[in-house]
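Asker:
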Amino acid sequence: MINWSVILGIAKTHLVTKMKSTVTATLGVTFGIGAYITLVSFMTGLNGMLDDLVLNQTPHIHMYNEIRPSETQPISRYQEFKDAMNFVHSIKPKQNQEKIHNALPILSYLKKHPNVRGATPQLRAQIFYLSGSIELGGNLVGVDIIEEVRLSNIQDNIVEGTPEALKNNTNGILLGAGLAEKMSLSIGDRVQISTVAGDIFPLKIVGIYQSGIAEIDNVQSFANLNTVQRILGESENYVTDINIKLLNIAESEPMARSLEKQFNVKAVDINEANAQFETGSNIRNLITYAVSITLLIVAGFGIYNILNMLIYEKMKDIAILKATGFSGKDVQYIFMAQAILIGILGGFLGLLIGFGLSHLIDNTPFETDALPTITTYPVNFNGTYYFIGIAFALISTFVAGYLPSNRAKKIDPVKIIRGT
Amino acid sequence: MNLVLEAKNINKHFHKPKDFHVLKNISFGVKQGEFASIMGKSGSGKSTLLYILSTMDTDYTGELSINNQLVTGKSQRELSQIRNKNIGFVFQFHYLLSEFSVLENVMLPAKKLAEKSHAEIEKDAHRKLEMLHIGHLAHQRASRISGGEKQRVAIARALINDPTILMGDEPTGNLDSHNSENVFNIFKNLKEEQGLSLLVVTHDEDFAKRTDRIIQMEDGMIIGH
Ligand SMILES: Nc1ncnc2c1ncn2[C@@H]1O[C@H](COP(=O)(O)OP(=O)(O)OP(=O)(O)O)[C@@H](O)[C@H]1O
Ligand SMILES: [Mg+2]
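Order-wise, the sequence lines are chains E and R.
Counted the way this note's numbering counts, the first sequence spans residues 164 to 583.
Counted the way this note's numbering counts, the second sequence spans residues 137 to 361.
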């Protein structure tokens with residue numbers, strides 16, 4: 164039978180009388196857990212922000228026409244050469260329209276699909292921005308701005324002006340922030356654009372668009388879909404891209420495949436488009452865990468050392484306890500209890516410190532042109548990490564306490580009492 | 137008469153540094169209420185024998201019974217229970233837990249036994265300390281009392297669970313003649329008033345002569361009792 168109150172009483176007395184070692188060991192755990200919580204909250208917060216930055220800009224499925232060579236060359240259709248070996252040199256891509264064939268029927272099909280939250284048509288046009296004698300290459304995206312606002316975070320990226328202003332102005336343009344800066348233009352000004360064919364149109368700047376990704380902001384602007392169709396001299400069914408948002412994102416891959424088959428267009432799902440991005444997140448997580456686990460292992464060694472020392476100092480006590488009727492298990496539990504008490508105390512303190520530091524980071528101003536919507540460092544307050552933190556504190560102190568306490572259990576009291 | 141402790145043909149060897157037959161065919165018993173002492177030259181095996189009799193050392197051959205119950209071959213857990221309940225042990229060096237108070241030191245074995253409530257144990261502990269005239273030290277840290285006082289605290293601790301037998305390995309070895317006398321009288325009283333059985337190793341001839349029986353040891357053998 165194990166008498167816990169006696170065991171805990173002895174453990175407590177040992178901890179209190181060896182205050183210095185106790186504090187050192189506890190702080191080791193506190194430091195490890197605190198650092199883990201802070202790191203993981205900050206890192207995952209950062210990951211989340213970057214995810215949002217990229218993923219919200221990416222549709223769940225992106226449909227477009229890809230320029231590629233014909234899969235079957237005309238000669239292989241010719242029955243008479245069926246058994247012959249045909250050589251075709253210098254294959255060129257098929258003369259292909261960028262336009263999605265049957266875009267309007269596809270759109271109306273998608274809008275009725277049960278898993279589709281929305282589908283927006285886009286028209287990407289290569290254009291030049293004219294500023295005095297300088298021509299800046301770039302592109303102009305024709306969009307249904309109200310639908311885009313509903314389905315993506317484009318609203319966050321319109322740093323000046325409003326989506327409605329664009330909607331209401333058939334000659335309006337949301338100019339990329341980098342372009343506006345390069346050409347010293349601001350809202351209300353006019354900008355001249357020229358198509359690849361050489362036609363020049365003046366457009367009125369109704370807003371500034373800033374995604375935070377310089378490569379985009381330096382080349383891309385938005386206008387209404389029919390404005391761009393008019394500039395290119397194309398009809399109302401001329402659409403180069405369709406962006407789809409789904410209700411269930413997990414369906415994106417199979418749905419992209421079936422759309423490809425059904426409509427004979429290229430359909431890229433979100434996972435395919437962001438494969439490298441995922442890798443980045445994973446590596447950041449890996450680093451976070453590697454650092455945290457290292458800290459905790461160091462803390463664990465601290466506890467291990469201190470308990471080992473304590474057991475050396477307490478050899479006589481252990482012998483007396485055993486001589487007066489405490490079993491090896493009792494003695495082991497006395498030292499295990501000390502390790503676990505240190506783990507609980509240090510662990511909870513660590514959670515508190517981690518929470519405090521995360522809070523501090525969360526309130527630290529962080530302003531950068533690249534991220535217009537962010538004002539403070541992003542921190543992810545997630546209960547799971549606190550749970551993992553305390554579990555890790557307990558497990559590591561348990562392991563660190565087990566080995567020394569097992570030694571205490573096996574100490575032969577006769578040897579100690581004899582003094583050998 | 138009833139034997140509280142009985143040893144039959146106990147043999148023990150030390151294997152390191154070389155084989156050494158330290159106890160040879162030890163057979164004897166201690167009767168209920170008997171105050172026996174063990175004497176012998178240094179190195180004759182007295183302490184070794186006492187560690188076996190107190191169940192702390194299990195590396196021997198032969199049979200040991202306490203209260204007519206065979207203890208040889210029992211598990212470590214059972215042996216620690218037997219030590220806790222039936223055997224009180226007093227060492228030459230007082231061996232108290234220095235971080236605990238005198239009272240807590242005395243109470244610990246009873247708390248482990250857990251047959252009585254905390255309040256009862258505390259009352260018992262006070263009573264034992266009073267009996268040994270050190271009641272006023274109850275709340276002192278065990279490290280802050282004199283050697284003679286420590287020895288009496290150790291005796292109080294050995295008695296807390298009202299054991300069947302009290303064993304001592306030179307319990308007066310470190311005390312002056314006055315304190316030795318004191319401890320002897322305590323033992324005598326325990327025997328006479330409570331019928332406690334005692335087995336005490338001593339080098340003090342005067343001490344031994346006044347006990348009921350002297351067991352003489354030489355070279356690991358009992359040569360007279
Ligand atoms: N761990 C050990 N390994 C080997 N030999 C030992 C060990 N412990 C004791 N001995 C030997 O066993 C013999 C008996 O030792 P023991 O301590 O029992 O003697 P003792 O009669 O108690 O002596 P003293 O009166 O000095 O206390 C001694 O010769 C000692 O050297
Ligand atoms: Mg000895």
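Think of the CB as a built atom: it goes at the ideal place given N, C-alpha and C, for glycine as much as any other residue.
Do you know offhand how far G361/E's Cα is from K345/E's?
Answerer: By 1-based counting over the first sequence, the position of residue 361/E is 198. By 1-based counting over the first sequence, the position of residue 345/E is 182. Using only the alpha carbons, I get a separation of about 22 Å.
Asker: Ligand 1 and K182/R: does the residue's C-beta get closer than 7 Å to at least one heavy atom of that ligand?
Answerer: As a first step, residue 182/R must be located in the second sequence, where it is residue number 46. Yes.
Asker: Taking the alpha-carbon of K148/R as reference, which of K167/R, S183/R, V226/R, L233/R has the nearest alpha-carbon?
Answerer: Stepping through the second sequence from its first residue, residue 148/R is reached at position 12. Out of K167/R, S183/R, V226/R, L233/R, S183/R has the C-alpha closest to the C-alpha of K148/R.
Asker: Just to confirm, does D305/R get its C-beta within under 7 Å of one of the non-hydrogen atoms of ligand 2?
Answerer: Your numbering for residue 305/R matches position 169 in the second sequence. Correct: D305/R has its Cβ closer than 7 Å to ligand 2.
Asker: Could you check what DSSP says for Q352/R in three-state terms: helix, strand or coil?
Answerer: Here residue 352/R is taken as the residue at index 216 of the second sequence, counted from 1. The answer is strand: DSSP assigns Q352/R an E or B state.
Asker: For S313/R, which of E328/R, D340/R, L332/R, E258/R has the nearest alpha-carbon?
Answerer: Stepping through the second sequence from its first residue, residue 313/R is reached at position 177. It is D340/R.
Asker: Does chain E have any CB closer than 8 Å to the CB of Y231/R?
Answerer: On the second sequence, residue 231/R is found 95 positions in, with the first residue counted as 1. Y231/R counts as touching chain E.
Asker: According to DSSP, H225/E sits in a beta bridge with which residue or residues?
Answerer: Here residue 225/E refers to the residue found at position 62 of the first sequence. Looking at the DSSP assignment, H225/E forms a beta bridge with N406/E, V431/E.
Asker: Ends of the beta strand (DSSP E) at I281/R?
Answerer: The residue you call residue 281/R lines up with position 145 of the second sequence. It is not in any beta strand (DSSP E) - I281/R carries neither H nor E in the DSSP assignment.
Asker: Fully enclosed by the region 545-580 of chain E, which alpha helix (DSSP H) runs are 4 residues long or longer?
Answerer: Within the region 545-580 of chain E, the runs of alpha helix (DSSP H) that reach at least 4 residues and sit entirely inside it are, in chain order, 546-573.
Asker: Determine the closest residue to S294/E out of V402/E, F555/E, P365/E, E414/E, with distance taken between C-alpha atoms.
Answerer: On the first sequence, residue 294/E is found 131 positions in, with the first residue counted as 1. Considering only alpha carbons, the answer is P365/E.
Asker: When you compare each of G176/R, T191/R, K264/R, L335/R to E170/R by their alpha carbons, which one comes out closest?
Answerer: Here residue 170/R refers to the residue found at position 34 when the second sequence is read from its first residue. Comparing Cα positions, the closest option is L335/R.
Asker: Tell me whether M552/E is buried or exposed, calling it buried when 16 or more other Cβ atoms sit within 10 Å of its Cβ.
Answerer: Working through the first sequence from its first residue, we reach residue 552/E at position 389. Just to set this straight, residue 552/E is Gly in the shown sequence, not Met. Label assigned to G552/E: buried.
Asker: Between the Cα of L200/R and the Cα atoms of K144/R, K259/R, L311/R, N318/R, which residue gives the shortest distance?
Answerer: If you number the second sequence from 1, residue 200/R lands on position 64. When each option's Cα is compared against that of L200/R, the closest is K144/R.
Asker: Would the beta-carbon of V226/R be found less than 7 Å away from any heavy atom of ligand 1?
Answerer: To locate residue 226/R, count along the second sequence from 1; it is residue 90. For ligand 1, not one heavy atom lies less than 7 Å from the Cβ of V226/R.
Asker: Please determine, among Q330/R, G356/R, G331/R, F323/R, the residue with the shortest C-alpha to C-alpha distance to A344/R.
Answerer: As a position in the second sequence, residue 344/R is number 208, starting the count at 1. For the residues Q330/R, G356/R, G331/R, F323/R, the minimum Cα distance to A344/R belongs to F323/R.
Asker: Regarding R581/E and ligand 1, is the C-beta to nearest heavy atom distance less than 7 Å?
Answerer: Here residue 581/E is taken as the residue at index 418 of the first sequence, counted from 1. R581/E: yes, Cβ under 7 Å from ligand 1.
Asker: By the 9 Å beta-carbon criterion, what residues does the region 176-197 of chain E contribute toward chain R?
Answerer: T176, H177, V179, T180, K181
Asker: I need the boundaries of the beta strand (DSSP E) containing T283/E, first residue and last residue.
Answerer: Here residue 283/E corresponds to residue number 120 of the first sequence, with the count starting at 1. Counting along the chain, the beta strand (DSSP E) containing T283/E begins and ends at 279-294.
Asker: Identify the residues that DSSP records as bridge partners of T358/E: which are they?
Answerer: Counting from one through the first sequence, the residue named residue 358/E turns up at place 195. Answer by DSSP bridge pairing, in chain order: I290/E.
Asker: Out of curiosity, what's the CA-to-CA distance linking T358/E and K367/E?
Answerer: Position 195 of the first sequence holds residue 358/E. Position 204 of the first sequence holds residue 367/E. Computed Cα separation, rounded: 16 Å.
Asker: Have a look at T208/R and G198/R and give me their C-alpha separation to the nearest angstrom.
Answerer: Stepping through the second sequence from its first residue, residue 208/R is reached at position 72. Stepping through the second sequence from its first residue, residue 198/R is reached at position 62. So the alpha carbons of these two residues sit roughly 8 Å apart.
Asker: Compare the C-beta of S333/R with all C-beta atoms of chain E and state if any pair is closer than 8 Å.
Answerer: The residue given as residue 333/R occupies position 197 in the second sequence. Chain E contact via Cβ: absent.
Asker: Tell me which residue opens and which closes the alpha helix (DSSP H) that Q318/E is part of.
Answerer: Translated into positions along the first sequence, residue 318/E becomes position 155. Here the alpha helix (DSSP H) through Q318/E covers 317-320.
Asker: Is G176/R near ligand 4, judged by its Cβ being under 7 Å from some heavy atom?
Answerer: The model on display carries ligand 1 and ligand 2 but not ligand 4.
Asker: Distance, Cα to Cα, F164/R vs G506/E?
Answerer: Locating residue 164/R in the second sequence gives position 28, where the first residue counts as 1. Locating residue 506/E in the first sequence gives position 343, where the first residue counts as 1. C-alpha separation (whole angstroms): 52 Å.
Asker: Quick check: the region 239-257 of chain E against the region 395-403 of chain E, are there 3 or more CB pairs under 8 Å?
Answerer: no
Asker: Rounded to the nearest angstrom, what separates Q228/R and I291/R at their Cα positions?
Answerer: Translated into positions along the second sequence, residue 228/R becomes position 92. Translated into positions along the second sequence, residue 291/R becomes position 155. The alpha-carbon atoms of Q228/R and I291/R are separated by roughly 11 Å.
Asker: Could you check if K221/R belongs to the surroundings of ligand 1, using beta carbon to heavy atom distance under 7 Å?
Answerer: Start at 1 with the first residue of the second sequence, and residue 221/R comes out as number 85. K221/R Cβ: outside cutoff for every heavy atom of ligand 1.
Asker: From I574/E, G396/E, V306/E, I524/E, pick the residue whose C-alpha is nearest to that of A486/E; which is it?
Answerer: Start at 1 with the first residue of the first sequence, and residue 486/E comes out as number 323. For the residues I574/E, G396/E, V306/E, I524/E, the minimum Cα distance to A486/E belongs to I574/E.
Asker: Give the residues of chain R in contact with F489/E, contact being defined as C-beta atoms less than 7 Å apart.
Answerer: What you label residue 489/E is simply residue 326 of the first sequence in a count that begins at 1. What F489/E touches in chain R: S216, K248.
Asker: Closer than 7 Å to a non-hydrogen atom of ligand 1 - does that hold for the CB of G552/E?
Answerer: Position 389 of the first sequence, counted from the start, is the residue given in the question as residue 552/E. Taken from the Cβ of G552/E, every heavy atom of ligand 1 lies 7 Å or farther away.
Asker: Under 8 Å Cβ-Cβ, which residues of chain E neighbour Q212/R?
Answerer: To locate residue 212/R, count along the second sequence from 1; it is residue 76. Those are S490, G491, listed as they occur along chain E.
Asker: Which of the three DSSP states, helix, strand or coil, is assigned to M192/R?
Answerer: Here residue 192/R is taken as the residue at index 56 of the second sequence, counted from 1. DSSP places M192/R in coil when its eight states are reduced to three.
Asker: Return the CA-CA distance between L514/E and I196/E, expressed in angstroms with no decimal places.
Answerer: Sequence index remark: in the first sequence, residue 514/E carries index 351 (1-based). Sequence index remark: in the first sequence, residue 196/E carries index 33 (1-based). Each residue's Cα considered, the two are about 6 Å apart.
Asker: Would you call the region 281-290 of chain E and the region 403-418 of chain E touching, i.e. three or more CB-CB distances under 8 Å?
Answerer: yes
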